[in-house]
Amino acid sequence: MTTMVDLTEPATTADPEPLLVVNDLVKTFGNGVKAVDGVSFTINPGQTVGLVGESGCGKSTTAKMLLRTLSADSGLVKFDGEDLLTMRGKQLRALRSRFQVVPQNPQTSLNPRLPVRSSIEFNLRAQKVPKAERAKRIDEVLDQVGLPAAFGERFPHELSGGQLQRAAIARAISTRPELIICDEAVSALDKSIQAQILNLLTEFQTELGMAYLFISHDLSVVEHISDQVLVMYLGRIVEDGTGSQLWNRPGHPYTDALLSAAPGSGRERLVLQGDPPSPANPPSGCTFHTRCPIAIDACAEERPHLRVAPGGSLSACIRASAT
Amino acid sequence: MTIATEEAEEQTVSVEPDADPALVLRARDLNTTFTAGGQHIHALRGIDLDLHAGRINVLLGESGSGKSVTARTILRLYGSSALMSGSVLYQGRNLLELEEREMQPIRGSGIALVPQDPTGSLDPLRRVGAQIAEVLKLHGAAQSKSECHERAVELLGLVGLPDPERATRSFPHELSGGMRQRVAIAIAVSCDPTLLIADEPTTALDVTVQAQILDLFRELTETVGSAMLMITHDVGVAEEMADHISVMYAGRIVEQGPTRAVLSDPVHPYTRALLNAIPKPNMARGSLSAILGQPPVSGVTLPGCSFAPRCPLAEPSCTAEVPQLVAVGDGQTAACPIVLGVRQ
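Protein chains in written order, with our numbering: chain A, 1296 to 1618; chain B, 5 to 348.
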């Protein structure tokens, strides 16, 4: 999708007007945990970018910073050319209608004491949509996500997990956003329901042309839905490529391990030793070198930057040609 | 509360003569019913299972399909809150007829459970070594303090903890999720069980750690030689681990057979749909075959085939009668008269 011109600046793509530009985002928590350590990527209009990684790799922290529910230590986030991180008050609120979120747990993401309709209306009211239009819009989005209008009168506990996730999506698309951040949006669902939601998200993209930042720990799901996949490990992006580039020839040993670790993948298993190290005290150089099967001494010394790997993806691995 | 039906007793008798030496446990017509607010919830309806030494049988299904209830029924963990019928034949006895005090020595020593969440299953206030020693003492596998310690170190080494000596002195919170699950597995295999039940043992873990734990399970079933009943919702895990798969839907087994047969040539429409709902590489986006609707709400018993309301092949006859498992291949059975009719 993206063609890299300047290899030292992976954040900027050849595309003239990306919808979202994230450059060198950093977040260190008070306890010294480096949750996000220099993350850069772009999302073009109508594009799906997947962010994949294991627990604690900083996926959700990244999402929270983009949503401004968590402040970033440093870095730059531009949404349609405007600086998102310094924006405040009215200006930020106005922009929020253009990017929405579908959170992980449908049980807790909707107000349990409000009917689904009211939850959606709340969002519309916050975006100053006139009252007359709100009711019409709610009926429309409920229909779009495949929920009967009567379901709008129900409370969250009266809906199943899949129906609730549909309601959460209805709320997200009600403001007609250009970008939706899906943070593990299908992880809590059964596989048969997960497939319904993934199809629904794809359908909306074709119809409404919105972009997604799709965050998940499940590489097969991310690969399925994304144009571009970012693989995160200990707060850093270690590989950036299309789903098929990653699948056919992963440029980073961690991606390879993730792919082969998925049960039933049919790939030769690359078993990693031990657990991911603590983000409070990450290893020197390449943070993956302590678990990497092909690490050499040089890996512990210098932080590797994203470079074009033989498979065509960008990989932060000095041994990329050896994978 | 246990209800031993006459039928179950008959089966107990008929099963024994031709008993297969590798057969560890045989469950027949298991039914488990919960009563809540005057309403009966039929969680399990007519489950048959055969578990063999050294083999892994996977129960595959989505949430609420009755996988965990099957495990807990076998272990009799429901006490008087559930009504159970059928038979669970283990070492010549029907577990459902045993007194609670007769069940106690079987749990943990004969049949051991690896729970889903290692954080919840370990005592947060006691050192890992003491928790292993407790199980060993309870089942008479080791007596003296030094013997328990020695065995605990050995077990922790067996499950791949890097420094087993030190791990015995650790508290659960000092270990990572993967390590804690290894400890839970060490406790489960501590008394050389003949049957290991693992209820979603890797669901709480990251994929790279999950891969390590699955490898460990395979090693253990080979070295310990116990039978294993593994419960999972993940088709990938089933594919990788199982010798035999039983697919569950709404409290029933709808299809079962050798792993390869079930996954490469699924017969029941639910099995087919479930396999198609999983994203595979190079698959066109938006082309996942989603199963319409959702599973029946627990407590609602549908007439006939429970899958009929969501089934693309359903015919009016499907709701008339509960379909029975019929042989469709070598050791493979499926409960769908429609597909079978087309095949013949």
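Just so it is clear, CB atoms sit at the ideal spot from N, CA and C, and this is done for glycine as well.
All figures in this text were calculated on a predicted structure; none of them were measured in a lab.
Residue i versus the options, residue with shortest Cα-Cα distance
i	options	result
residue 94(B)	24(B), 168(B), 188(B), 281(B)	24(B)
residue 338(B)	191(B), 237(B), 243(B), 250(B)	250(B)
residue 73(B)	262(B), 197(B), 256(B), 179(B)	256(B)
residue 184(B)	226(B), 131(B), 146(B)	131(B)
residue 1384(A)	1405(A), 1421(A), 1403(A)	1421(A)
residue 122(B)	53(B), 264(B), 176(B), 158(B)	176(B)
residue 1536(A)	1334(A), 1590(A), 1344(A)	1344(A)
residue 1540(A)	1555(A), 1556(A), 1522(A)	1522(A)
residue 1337(A)	1465(A), 1525(A), 1395(A)	1525(A)
residue 1329(A)	1356(A), 1555(A), 1315(A), 1377(A)	1356(A)
residue 1387(A)	1375(A), 1398(A), 1601(A)	1375(A)
residue 326(B)	269(B), 306(B), 156(B)	306(B)
residue 140(B)	268(B), 195(B), 218(B), 332(B)	195(B)
residue 1341(A)	1487(A), 1497(A), 1331(A)	1497(A)
residue 287(B)	1534(A), 1542(A), 1333(A)	1542(A)
residue 266(B)	191(B), 29(B), 335(B), 58(B)	335(B)
residue 57(B)	313(B), 29(B), 260(B), 71(B)	29(B)
residue 164(B)	190(B), 150(B), 259(B), 153(B)	190(B)
residue 1581(A)	1368(A), 1611(A), 1333(A)	1611(A)
Beta-carbon spacing of residue i, residue j below 9 Å
i	j	result
residue 1508(A)	residue 1346(A)	yes
residue 1472(A)	residue 1393(A)	yes
residue 1463(A)	residue 292(B)	no
residue 1588(A)	residue 1548(A)	yes
residue 1515(A)	residue 1477(A)	no
residue 1558(A)	residue 247(B)	no
residue 1339(A)	residue 1506(A)	yes
residue 125(B)	residue 86(B)	no
residue 241(B)	residue 206(B)	yes
residue 53(B)	residue 34(B)	yes
residue 146(B)	residue 198(B)	no
residue 1495(A)	residue 1449(A)	no
residue 1419(A)	residue 1429(A)	yes
residue 55(B)	residue 80(B)	no
residue 1487(A)	residue 277(B)	yes
residue 1493(A)	residue 283(B)	yes
Start and end residues, beta strand (DSSP E) containing residue i
i	result
residue 262(B)	256-262
residue 49(B)	43-56
residue 1478(A)	1474-1478
residue 1347(A)	1343-1347
residue 87(B)	86-94
residue 178(B)	Unbroken run through residue 178(B): none, as it is neither H nor E.
residue 252(B)	248-253
residue 1534(A)	1531-1536
residue 110(B)	Element bounds for residue 110(B): n/a, residue is neither H nor E.
residue 1397(A)	1394-1397
Amino acids of chain A, ordered along the chain, whose beta-carbon sits closer than 8 Å to that of residue i
i	result
residue 2(B)	Look at the range of chain B in this structure, 5 to 348, and you will see that residue 2(B) is not part of it.
residue 214(B)	1556, 1558
Where residue i meets chain A, residues with beta-carbon distance less than 9 Å
i	result
residue 237(B)	1485, 1486
residue 182(B)	1569, 1570
residue 66(B)	1485, 1486, 1487, 1488
residue 244(B)	1558, 1559, 1560
Proximal chain B residues relative to residue i, where beta-carbon distance stays under 9 Å
i	result
residue 1362(A)	Here the premise fails: no neighbours, minimum Cβ distance about 24 Å.
residue 1544(A)	Simply none; closest approach about 12 Å.
residue 1512(A)	210, 211
residue 1515(A)	240, 282, 283, 284, 285
Chain B contact residues for residue i, given Cβ-Cβ distances below 7 Å
i	result
residue 1519(A)	283, 287, 289
residue 1460(A)	None at all; the shortest Cβ gap to chain B is about 11 Å.
residue 1494(A)	290, 292, 294
Interface partners of residue i on chain A, CB under 7 Å
i	result
residue 298(B)	1455, 1457, 1488
residue 144(B)	Simply none; closest approach about 35 Å.
Endpoints, the alpha helix (DSSP H) within which residue i is located
i	result
residue 343(B)	341-347
residue 1386(A)	1384-1391
residue 1400(A)	Neither: residue 1400(A) is in no alpha helix (DSSP H) and is coded neither H nor E.
residue 1559(A)	Run containing residue 1559(A): none; DSSP gives neither H nor E here.
residue 1601(A)	Counting along the chain, residue 1601(A) falls outside any alpha helix (DSSP H), and DSSP gives it neither H nor E.
Under 8 Å from the C-beta of residue i: neighbouring residues of chain B
i	result
residue 1498(A)	290
residue 1506(A)	Within chain B, no residue comes near residue 1506(A); the closest Cβ sits about 14 Å away, beyond 8 Å.
residue 1404(A)	Per Cβ cutoff of 8 Å: no residues; residue 1404(A) is ~18 Å from chain B at best.
Discussion item. For the stretch 255-286 of chain B, list every residue whose C-beta sits within 9 Å of some C-beta in chain A, in sequence order.
Written reply: 267, 274, 277, 278, 280, 281, 282, 283, 284, 285, 286
Worksheet item: What residues in the stretch 1407-1424 of chain A have a beta carbon less than 7 Å from any beta carbon of chain B?
Response: none
Discussion item. For the stretch 192-223 of chain B, list every residue whose C-beta sits within 8 Å of some C-beta in chain A, in sequence order.
Written reply: 210, 211, 212, 213, 214, 215, 216, 218, 219
Worksheet item: Which residues, in order along the stretch 1349-1381 of chain A, keep a beta-carbon less than 7 Å from a beta-carbon of chain B?
Response: 1349, 1350
Discussion item. By the 8 Å beta-carbon criterion, what residues does the stretch 1525-1536 of chain A contribute toward chain B?
Written reply: none
Practice prompt. Could you name the residues of the stretch 1565-1597 of chain A whose beta carbon sits closer than 7 Å to any beta carbon of chain B, in the order they occur along the chain?
Written response: 1566, 1567, 1570
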